[in-house]
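Have a look at the structure below, then the notes.
Listed below in structure tokens is the structure:
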């Protein structure tokens with residue numbers, strides 16, 4: 016499974032980058048491919064391309080604020096989570112939900 020993600024926090028400093036790192040480590044543990052765009056104090060970094068987005072199975076938005084250029088993800092399977100949930104358990108955030116009974 017290929018995931019693209021965007022991380023952003025209100026101040027755009029520590030938590031944006033901590034969440035990106037946590038997602039990358041969790042994806043490696045789960046055998047997933049991931050590319051994470053950060054929207055922090057330095058602006059947009061590691062920008063997701065149209066090709067990245069089109070080839071992704073999931074767009075994960077890990078943010079407690081409105082992200083920039085959200086319209087890029089229209090029509091894509093998306094999940095939005097809080098930064099806190101990523102920082103507490105990124106593996107659980109990236110794990111597929113259990114099947115419905």
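Numbering (my numbering), first residue to last: 16 to 116. For each residue, glycine too, the CB sits at the ideal point set by N, CA and C. All figures in this text were calculated on a predicted structure; none of them were measured in a lab.
Helix, strand or coil at residue i according to DSSP, with G and I counted as helix
| i | result |
| --- | --- |
| residue 76 | strand |
| residue 71 | coil |
| residue 95 | strand |
| residue 22 | strand |
9 Å Cβ cutoff met for residue i and residue j
| i | j | result |
| --- | --- | --- |
| residue 41 | residue 96 | no |
| residue 101 | residue 50 | no |
| residue 22 | residue 77 | yes |
| residue 75 | residue 20 | yes |
| residue 54 | residue 73 | no |
DSSP beta-bridge partners of residue i
| i | result |
| --- | --- |
| residue 55 | 58 |
| residue 85 | In DSSP, residue 85 forms no bridge with anything. |
Same chain, Cβ closer than 8 Å to residue i, five either side skipped, listed in chain order
| i | result |
| --- | --- |
| residue 70 | 17 |
| residue 106 | 41, 44, 45 |
Residue burial classification, residue i (beta-carbon count within 10 angstroms, cutoff 16)
| i | result |
| --- | --- |
| residue 89 | exposed |
| residue 86 | exposed |
| residue 24 | buried |
| residue 29 | exposed |
Cβ-based neighbour list, residue i, same chain, cut-off 6 Å, excluding 5 preceding and 5 following
| i | result |
| --- | --- |
| residue 79 | 97, 98 |
| residue 52 | 21, 61, 62, 63 |
Own chain partners of residue i with C-beta closer than 7 Å, once the 5 adjacent residues on each side are dropped
| i | result |
| --- | --- |
| residue 81 | none |
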